[in-house]
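Note sheet for the following structure.
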Amino acid sequence: MRGRWVDALWLLAFGAASSAWCLTAAAQFGATFDEPLYVKAGLTSWRTGSNKLLMRAGTMPLPVDVQTLPVYVWEQYRGHEFDPLFELHTVLPVCRATNLVFWWLTLIYSMGLGRAFGGSWGGRLAVALVACDPNFLGHAALATTDIALLACMLMLVYHFSYCYTPEANWKRRVLVPGLLYGLAITAKASAMVFGTQAMIVLGLWNLAKAGALTPPPGSSLWGKVSHLWHATYQFRKDSVAIGFIGFVFVFGYCGCDWGTEPTFIKWADALPEGDLKRVMVPVSRELKIFTNAGEALVHQIKHNVRGHGTYLLGEWHARATPAYFPLALSMKVPLPAIALLLAALVVHPRRLLIPPIGVALILLAFTPNCRVQIGIRFVFVLMALTYITTGVAIARGWAEQRAGARVVPRWLVAGLLAAFAGTAAWVWPHGLSYFNQAWGGTPVGSTLLHDSNYDWGHGLPELRAWNTQHNNNEPLAIWYYGSDPDIMYPPLAWLNLSWLPLVSDDDMTHYCQTKFVAVSVAILSNNPAPTPQHKVRLEWVRARKPVARTTHFYIYQVRE
């Protein structure tokens, strides 16, 4: 009983401290690229019941629904609706604070997985490692979907590991995993793949642990293969049922507008004359099953298959690169966490062999197939499971310590955890932009990776503060990457230099009627030539030395 109280206090301490980090950090920066859409779509969904805006964007609705629910209740209480554009900065802090629901679920299930495989200290070390990671903290402070996916995936891993055993009944073995799989997909479409991979690893692990996969002694190679095929029959059958239940849950949760699809009608009308057109034209007008979850899922599948360019190590790559995520992990994972993992690997290599690390390794092996390479956030599940495994391995070493046996010293673990927590405190409020010191730290991060790894369009408040202090709050031209509506308000003067017509090869002074022009870091680390105008003006910027810098903007002097 005393151990349970210690665990609860430990969880409360790390949860409260990390939540304070998130709430105070969120107040320091503006809206990220995705948040304005999420707030608008979430409020639209609560008001009308339609998820069309989210489905068209390929975004699953669970996190957005949770984050915008308090705002919807607030506007019902006050009697009129919020404008999601002009009142975004009134409602966004509420949405961000509500995202801590998913953050606390992440911490609870991190401790649960740690305890399940490593006892009390396994849970404590696991939650400490997860709670101190600045990348997690940076995203937990936002009203986005990545922490929600992490929470739902940890929930799925935890319960599937417990529920899927050969002797379990149908409810535990199929129904519960199916519902949790569906829940994870409603958080983010990538759970279709991540959840499937996790369940395959965990299911086979549990079958092997129960001895079901062990062939009879003396079996031939064909006999072993035949035994494995028959031994996994129930698992394969259950997997189909789990997937079916999961997708029924997803389509039910996302709902349907029961309307036609304009693009389907347009496609049918454009068909050449013939039998196919005679069939498809009336079908396209009568098939009223849209908008539904399938649109979002197909959108994300096509997005990943298509992929897009990425910025890595100071160079723009027109296509996704297989080395992206391994390199990004080496840059973004804090050094104390890497040191703890290496210590566990050296001292307790066999104790690392638990189901969560199996899932993490499968996810790591899959990363070359992830062609949307715009943030470390896409491998948060991998990171969290590795942290949990590290804590479990160290704790199991302590619990099984015998005379003369090697363990990771407690003083070393305490010191590295303190350094880990210190890293989170030091980088505040810029967890989103964190890079470890082995790669030069946060100041050089903008030359290594792009998008949500560093500048997600959220740096306008800091730029305004600079303008007040150094430019007497005079008008400031800005070439901006992002969607924060705060860009519309003086003294900022937004110039869409990527699209404004070229007057000459040196027309910056023509468009920039201010003393300074601020350029988003993301402009310099994104596609260098989406338009001819962009390319010419980017060359102008790169030919000059900035006179000042905020975290997410370079400031150049245009005139005296």
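For reference, each letter of the sequence shown is one residue, going -27 to -1, 1 to 533 in mature numbering (1 follows the signal peptide of the UniProt record, and there is no 0).
For every residue, glycine included, the Cβ atom is placed at its ideal position computed from N, Cα and C.
Identity of the residues DSSP links to residue i by a beta bridge
i, result
"Tyr11", "BP columns for Tyr11 are empty, so no partner."
"His290", "Thr283"
"residue 539", "Look at the range of the chain in this structure, -27 to 533, and you will see that residue 539 is not part of it."
"Gly232", "Phe263"
"Arg522", "Tyr527"
"Ala466", "Ala450"
Contact under 8 Å by Cβ, residue i with residue j
i, j, result
"Asp428", "Ser493", "yes"
"Thr118", "Pro36", "yes"
"Ile335", "Val174", "yes"
"Asp405", "Leu285", "Here residue 405 is Leu; the residue named in the question, Asp, does not match the sequence. No, the pair does not count as a contact, with Cβ atoms beyond the cut-off."
"Thr523", "Gly430", "no"
"Gly228", "Gly395", "no"
"Leu127", "Ser83", "yes"
"Asp211", "Arg146", "yes"
"Val332", "Leu358", "yes"
"Thr504", "Val531", "no"
"Pro328", "Gly3", "no"
"Glu48", "Phe55", "yes"
"Leu98", "Ile367", "yes"
"Arg369", "His403", "no"
"Ile215", "Met165", "no"
"Met33", "Ala160", "yes"
"Val365", "Gly196", "no"
"Ile330", "Asn108", "no"
"Leu449", "Phe393", "no"
"Trp19", "Tyr50", "no"
"Tyr407", "Thr420", "no"
"Asn72", "Leu27", "no"
Exposure label - residue i; buried when at least 16 CB within 10 Å
i, result
"Tyr484", "buried"
"Leu468", "buried"
"Met461", "exposed"
"Ser498", "buried"
"Phe106", "For the record, residue 106 in the displayed sequence is Asp; it is not Phe. Looking at its Cβ environment, which holds 16 or more other Cβ atoms inside 10 Å, Asp106 is buried."
"Val400", "buried"
"Glu268", "buried"
"residue 589", "As shown, the chain starts at -27 and ends at 533. That puts residue 589 outside it, with no answer to give."
"Gln374", "exposed"
"Ala262", "The residue you asked about is not Ala; residue 262 is Ile in the sequence shown. Exposed: under 16 other Cβ atoms inside 10 Å."
"Thr482", "exposed"
"Gln346", "buried"
"Asn142", "exposed"
"Lys305", "buried"
"Trp342", "Note that residue 342 corresponds to Asn in the displayed sequence, not to Trp. Its Cβ having fewer than 16 others within 10 Å, Asn342 is exposed."
"Tyr360", "buried"
"Tyr131", "buried"
"Lys518", "exposed"
"His525", "buried"
"Val520", "exposed"
Among the options, nearest to residue i - alpha-carbon criterion
i, options, result
"Leu302", "Pro43, Glu533, Cys(-6) and Thr340", "Thr340"
"Asp459", "Leu355, Lys239, Ala(-20) and Thr63", "Thr63"
"Leu308", "His321, Val352 and Ala397", "Ala397"
"Gln40", "Ile120, Ala89 and Lys25", "Ile120"
"Pro464", "Ser18, Arg323 and Ile451", "Ile451"
"Glu259", "Ala183, Ala521, Trp231 and Gln170", "Trp231"
"Tyr453", "Ala411, Ile496 and Asn426", "Ile496"
"Leu325", "Thr362, Leu(-17), Arg251 and Thr283", "Thr362"
"Pro474", "Arg350, Tyr11, Asn446 and Arg510", "Arg510"
"Tyr226", "Leu86, Gly155 and Lys508", "Gly155"
"Phe353", "Ala296, Asn426, Gln1 and Ala(-11)", "Asn426"
"Val278", "Asn446, Ser163, Leu313 and Tyr206", "Ser163"
"Gly168", "Thr187, Pro188 and Leu123", "Leu123"
"Phe133", "Ala114, Leu153, Glu140 and Ala116", "Leu153"
"Asp457", "Arg20, Leu27, Leu65 and Tyr135", "Leu65"
"Cys68", "His112, Gly95, Asn265 and Leu26", "His112"
"Asp479", "Pro501, Gln506, Ala502 and Val(-22)", "Gln506"
"Ser477", "Trp513, Asn409 and Ala521", "Trp513"
"Leu270", "Arg251, Ala316, Leu355 and Ala157", "Ala157"
"Gly455", "Arg(-26), Phe6 and Cys136", "Phe6"
List, from N- to C-terminal side, the beta strand (DSSP E) runs of 3 residues or more that fit wholly inside the region 117 to 165. The region 117 to 165 contains no whole beta strand (DSSP E) run of 3 or more residues.
Give, in chain order, every unbroken run of the alpha helix (DSSP H) that is at least 4 residues long and sits entirely within the region 162 to 202. Unbroken alpha helix (DSSP H) stretches of 4 residues or longer found wholly inside the region 162 to 202: 164 to 182, given in chain order.
What ranges does the alpha helix (DSSP H) occupy inside the region 330 to 408, keeping only unbroken runs of at least 4 residues that lie completely in it? Counting only runs that start and end inside the region 330 to 408, the alpha helix (DSSP H) elements of at least 4 residues fall at 353 to 372 and 383 to 400.
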